[in-house]
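**Student:**
Chains as they are written, first to last, in our numbering: chain A, 962 to 1320; chain B, 962 to 1320; chain C, 962 to 1320; chain D, 962 to 1320.
1) Is DSSP giving residue 1179 of chain C helix, strand or coil here?
2) Which residues in chain C sit within 7 Å of residue 962 of chain D, going by Cβ to Cβ distance?
3) How long is the line joining the alpha carbons of residue 1205 of chain C and residue 1314 of chain A, rounded to whole angstroms?
4) Considering only their Cβ atoms, is the gap separating residue 1179 of chain C from residue 1278 of chain D smaller than 7 Å?
5) If you compare alpha carbons, which of D/1003, D/1140, D/1144, D/1197 is closest to residue 1153 of chain D?
6) Residues of chain C with CB closer than 9 Å to the CB of residue 1034 of chain A, please, in chain order.
7) Excluding sequence positions up to five away, which residues of its chain have a Cβ less than 7 Å from the Cβ of residue 1298 of chain C?
8) Strictly below 8 Å CB to CB, what residues from chain C border residue 1027 of chain A?
9) Using a threshold of 7 Å, state whether the C-beta atoms of residue 1293 of chain C and residue 1142 of chain C are closer than that.
10) Answer with buried or exposed for residue 1149 of chain C, where buried requires no fewer than 16 other C-beta atoms within 10 angstroms of its C-beta.
11) Looking at C-beta atoms only, is the number of pairs between the stretch 1165-1183 of chain A and the stretch 1219-1227 of chain A that lie closer than 8 Å three or more?
12) Just the Cα atoms here: how many angstroms apart are residue 982 of chain A and residue 1052 of chain A?
13) Is residue 1039 of chain D close to chain B? Criterion is C-beta to C-beta, closer than 7 Å.
14) Can you give the Cα-Cα distance for residue 991 of chain B and residue 1074 of chain D, rounded to whole angstroms?
15) So, at 6 Å on beta carbons, what are the nonlocal neighbours of residue 988 of chain C in its own chain, with the 5 sequence-adjacent residues on each side left out?
16) Per DSSP, residue 1258 of chain C is paired with what?
17) Grab the span of the alpha helix (DSSP H) containing residue 1190 of chain A for me, first residue to last.
18) If you count every other CB in all the chains shown that lies within 10 Å of the CB of residue 964 of chain A, and 16 or more means buried, which is it?
19) Please go through the same chain and pick out, in chain order, the residues whose beta-carbon is closer than 8 Å to the beta-carbon of residue 1144 of chain C, but skip the five residues on each side of it.
20) Taking Cβ positions, are residue 1104 of chain C and residue 1307 of chain C nearer each other than 7 Å?
21) Rounded to whole angstroms, what is the Cα-Cα separation between residue 1319 of chain C and residue 1203 of chain C?
22) Can you check the stretch 1081-1160 of chain A for any beta strand (DSSP E) of at least 3 residues that lies completely inside it and give the ranges in chain order?
23) Would you kindly report the start and end of the unbroken alpha helix (DSSP H) that includes residue 1058 of chain D?
24) Can residue 1031 of chain C and residue 1078 of chain A be called in contact, C-beta distance under 7 Å?
25) Using a Cβ cut-off of 7 Å (strictly closer), state whether residue 1354 of chain C contacts chain A.
26) DSSP three-state label for residue 965 of chain C, please.
27) Would you report the Cα separation of residue 1001 of chain A and residue 1024 of chain A, rounded to the nearest angstrom?
28) Compute the beta-carbon to beta-carbon distance between residue 1156 of chain A and residue 1014 of chain A, rounded to the nearest angstrom, for a pair I have assumed lies under 8 Å.
29) With a threshold of 16 other CB atoms inside 10 Å of the CB of residue 1129 of chain C, please say whether the residue is buried or exposed.
30) In the stretch 1205-1223 of chain B, which residues sit with their C-beta less than 9 Å from some C-beta in chain A, listed in chain order?
31) In this structure, how does DSSP classify residue 1212 of chain D when only helix, strand and coil are distinguished?
32) Count the other C-beta atoms from every protein chain shown that fall within 10 angstroms of the C-beta of residue 1232 of chain C, then say buried if there are 16 or more, exposed otherwise.
33) Per DSSP, what are the beta-bridge partners of residue 1040 of chain D in this structure?
34) Using beta carbons (cut-off 7 Å, strictly below), is residue 1294 of chain D in contact with chain C?
35) Of the choices A/1276, A/1289, A/1208, whose alpha-carbon is the least far from that of residue 1243 of chain A?
36) Along the beta strand (DSSP E) that carries residue 1226 of chain D, what are the first and last residues, could you check?
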């Protein structure tokens, strides 16, 4: 329902307008150094208003740790984190009270629950991802400090603009060097221009975020249902606006024959590696020691500044022209979300591996 | 681990060689008419040796229900189903004892568990999916009889051969009218020719299976992590050889702007529908009453009849030429697997919806 | 870990000293009228300082609902509730920094986590139960309004003082008519006198709380592992200071023979009932329509105002005399805890029953 | 539902009459030596017909491992085990088709599911515990070989006959030295006489099984809901015919004051121990390194060879005199069940401890 993970388990809560949003992280190993300073940077990368190409909603998104740490270290008990809602303007959404926004979740929530918090979309708001990003910052820290694993992601494509990026070499500082979070500077320029054009047109645009994990040892993951790629797929498709996931060769791999597609094994110095990586670092659901990389497709944001056909809550045909904040492209803010979900999946599998197969 | 689902929960077990493979289905509603005759047809669609374009392994895959039914009806208690292994030929795999097959899971299982059942790939064998397909047959029956929901799937693409098919109208009998399970007869012919060519060449080929669910009412699914599309993505990426998943407009949708991409709502006779279906029947993680459809990418089968570079269990470079059965294309047999996993996801959400929001 | 329940699932968080304590309730049905006024009364029954026979810690324990409701109704989304810590006096506990309190969890937390929040016992503090009681108030409301089920409990025994009480007839107002929460007035007087005597002596005393659920229809519960009594047993043994649980005839039932112990069925007006209730309302893990009743043994509170042998964190023998607040008897405050846990178990099974066997 | 455990997870299936009963064990560590010979001895201790004081049903209860092992070692994949039903005599139960047996689960299953397998009680039969005992044998082996933990249990009381036994010193061979499984020889004699008397009288008798775990290191268990004693309580109350559980001082402890009840800590040679063990080896939900011991109350078996009042399936008053096999006392066969459930709880917590707090 609103929880994710088995051994490192998060539960998020909160609506767009109301007391705030938050997360409880259960299963965090004890004696990890942790303070708000470890978490805030990723929230800043996620928050609206961070640049001219994302939603202008005014939120500082300042996180507060309410439990689970003592004298700067984790206790092994639940870590509760909370971010207040500040820029709550229900009046900007009054039309949403009576009309369902196209390609949003207003109608489906109403159909499911028979009630919905219409201001700002309530629980359907992307503000829910604050809890994920906060928890993901902890997961990334555990992976880095205890397992030597680096997780990062970046914008790979905006509409038709595709950036060439090597998942084995891309650096975090290059991702963060521009406001669209594409480490290929030339492509980033084009992407920013396109998004700005969309913003001026009151329209929106989608694309692809690529996720990467480096340093994952061979042996993480599970046979059968909880394959590493299956858990990643679920994690990514649980992000708002995501429509697709593929890993390694992915959808493109179907153009190759088996002979072309297979990754030959080679050994060197007592270590096994593959000379190509169409598997994307995972074979049979379990990591093989190579770089894990995958792509997530995000549709164009549904809120456009144009009049659209829709129905009202009485099921009568009508039209709606959005008046809320205009977020022309979700991709720059989706980057920390993809990282967070990747880290949550990996840390869970790292702990499982210790449980079943550890010494 | 080896279980899938929350309220309708399956646990599969078994290796390629050994006592057989099976599944325990927990949470099945009581008083459903059920016998082996409801399950065997889907196993027959999944089994090897069914046509000249799939693996020639000789298995009748005859299912036996060991528990959970009484006088032809389900009891509400666990349904245990078992299929014996018949065509167990460990001698065909002796080279696998000492060498890791490229792009198989031999190496990763060894890295994870420190042991592996090398004959036939053990637990990594596609025989594991027998349990899923058997459980899926029950799930499909529940969906059909108790909820009026129809689940089906078909081969949409083999390598570069793409079939035009309308998810709203495609019929099961058209899917089953040819051995490749593509309901577009012209495309099916080309696909069969391509696969036969691959078989002769000792090579393999991949493609896309499209999954469809019709008649799902608005309101199934969950906000946030257990979104319907997230659970479907996990289900599909848990299938052997799958590399990607997208829903509705999917990866193609990123070429559109928000204005182009949104699905306008219209009302007619007290019912709400959308005039396009780029959402793929799901909005905000919850079904909206339109046809659900999605695609799953399957890579070419890793077992090719050619010599390939690999390493042995002592981590020395060597080569391997497969001697086992040659399965030139997994797609025709993946069709019932995709249906099974789709049905398992949907029936679980149907029961959840009753629990939380039912009368 | 820190979650309880499957379909109505709570996650508690918080330490004795720190940002507060709280709970996230997931799976609550939508459109239930709910505000803090539904929850505060139970927290007031749980809070310290409520009478002269319980802990004098000064806490108002004012609850705040941060999410999951809209215009006075539940949304079906997670309900996050928070209570601040007010009377945090770490200085009262400085000796706990270096010494393990006997029969507390200081030593075992240190052994498990390698760290512990020593002020007030951190996560081991009974303050953790605030989250349970808050969530239980919601569960009780659902049971009452949607299923016609009444949950209540009371003090049945303090040390050797046993009260005669009929679980079929006892009334909530009689439970609340005195500070020890024993509905038998004569016994209550004796209990209060004993507890006051203990308080003056700096010592503590334990006893039995009896839990009751009336109006549960036949058919709630599960065969095998998640039997209703098994889930109740777990719920009760998860309460601080509890040492035992029995249901119906319980430990006393072993003095009878089968012929004496069995509950004969009778029918009247198309309804089945039993003429005795040694089963305690549950047979084979499933409710039979009779009153459910069970007992929970609570040991005397471990914090006594006397010098005791113990060891310090360096594993050296020493002594410790508690200086914190003296709680002579946990029973009056355990009553709402037992009710809360009972309600949480029942509402979860009510929802499961709807899911699997509902129309 | 029909699963138990989180990281070492079992799922049992099967009815009294039908294809048999079985269990799937998921999460077993790899590379454990395992064959049927490790499991059969505990099934033999559980099976009917083993002595003159238990049920005479004729079952060899021969276990078969169908998956999860290879060349005598566990693979880390699911271990499926199966026992056929042999002595299926539905004709002995025809009256059960139309009448509900008092204090059995016939009526409640019918109320819940609207259907029941009446021969032999179907899923409510104690045959279901075969799967638990088989899985428990694996859990005991892991505890013994990998953690140095010994689990055992014995009959402590039959009706009014109470045996004095020291949980710290009792030996398995003394438990197995007589057919009632009470290691105190004098008490055992009296118990056997009483049970034989009951058998002759067509009546039944209950009592107490005590469970013990020695060698559990400090630090297993969880704060809050999944306390070690809470999981043990659930495990024990999930056994057929159990009515109560208490640990350490248990219900008896409420007669002491806190000063009398507390377990003083002492240190010796860098190790911490307690000079008494009223805590029963667990404090705050976590093991403290002392012997864990607890008691489980079992009611007298409900099937008596005498005429009793009951109702039929049409809800009319009638009487019933059992004609099936007469089991005068469940206790000797409950001993391996208690051991199995204890081991399942402990191994699960051992793996959790590795996951969250291991190196």
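Glycine included, C-beta positions come from ideal geometry on N, C-alpha and C.
**Tutor:** Let me spell this out:
1) coil
2) 1183, 1187
3) 35 Å
4) no
5) D/1140
6) Neighbours of residue 1034 of chain A on chain C, chain order: 1076.
7) 1007, 1090, 1093, 1094, 1200
8) 974, 975, 979, 980, 981, 983, 1043
9) Going by beta carbons, residue 1293 of chain C and residue 1142 of chain C fall inside the 7 Å limit.
10) With 16 or more other Cβ atoms within 10 Å, it is buried.
11) no
12) 20 Å
13) yes
14) 6 Å
15) 968, 969, 970
16) C/1169, C/1205
17) 1189-1198
18) buried
19) 1115, 1124, 1126, 1131, 1132, 1135, 1136, 1138
20) yes
21) 35 Å
22) 1111-1119
23) Residues 1055-1059.
24) yes
25) With chain C represented from 962 up to 1320, any question about residue 1354 of chain C goes unanswered, as that position is not in the structure.
26) strand
27) 6 Å
28) 4 Å
29) exposed
30) 1205, 1206, 1207, 1208, 1209, 1210, 1211, 1212, 1213, 1214, 1215, 1216, 1217, 1218, 1219, 1220, 1221, 1222, 1223
31) helix
32) exposed
33) D/986
34) no
35) A/1208
36) 1226-1229
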